[in-house]
Amino acid sequence: MPSILDKISSLLSSGQGPDPTVISDKLKDSIASHLKEGEQLIQCIKNHRAFHNSKNFNEKNMFFSSRCILTDRRLLIIRNLEYFKLFREINLPEIQSHRIEPTDDDLVITLNTGRAEDVIEFSKHSLSWANEFSRIFEKTLLAA
1 MPSILDKISS LLSSGQGPDP TVISDKLKDS IASHLKEGEQ LIQCIKNHRA FHNSKNFNEK
61 NMFFSSRCIL TDRRLLIIRN LEYFKLFREI NLPEIQSHRI EPTDDDLVIT LNTGRAEDVI
121 EFSKHSLSWA NEFSRIFEKT LLAA
């Protein structure tokens, strides 16, 4: 049985952090209870930070280490807790434009709904998962 130091050493040498798509059963149940009837969960991934830039200054906000939950109808951004605590809900048909900007150090997804702009950043430790999430997101957005 590998020791804790062996596991940490393995993670550091691979350049990847722990899998950001893994969620606990408690959180999975909490997310499922907040889905609308007939809504399908597509993917859940932990991000580095999420910004909500509203035209109204009082509605601007930012969360570090939040989670993106992609369904076939919405993108939900929740706080990184063991239960569902909504930060932002974006209906996919309301997205007027989006940009996905990968660099060597991070991946940034910018969504514009007309009345607000949302920016979701993934750190370099989760780039491979974030790249996969961005591909799934684009396919889901086209289908919505």
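Mapping of the sequence shown onto this note's numbering: position 27 corresponds to residue 27, and the numbering continues sequentially without gaps.
Every residue, glycine too, gets a C-beta built ideally from N, C-alpha and C.
The beta carbons of Glu117 and Asp106 sit no closer together than 7 Å.
When the Cα atoms are used, His98 and Asn53 turn out to be separated by approximately 14 Å. The Cβ-Cβ distance between Val119 and Phe64 does not fall below 7 Å. In this model, Ala143 and Arg135 are separated by some 13 Å (Cα to Cα). Within a 10 Å sphere around the beta-carbon of Lys26 sit fewer than 16 other beta-carbons, which makes this residue exposed. Where Ser66 is concerned, the enclosing beta strand (DSSP E) starts and stops at 66 to 71. Comparing C-alpha distances from Asp72 to each of Glu89, Asp19, Thr110, Asn112 shows the shortest one belongs to Glu89. Taking all protein chains in view, the Cβ of Asn47 is crowded by 16 or more other Cβ atoms within 10 Å, so the residue is classified as buried.
In summary, Ala130 is buried, with 16 or more beta-carbon neighbours lying within 10 Å of its beta-carbon over all protein chains present. Put simply, of Gln96, Ser128, Leu86 the residue whose alpha carbon is nearest the alpha carbon of Ser33 is Leu86. Cys44 places its beta carbon less than 7 Å from that of Arg67. Beta-bridge analysis with DSSP links Ala143 to no other residue.
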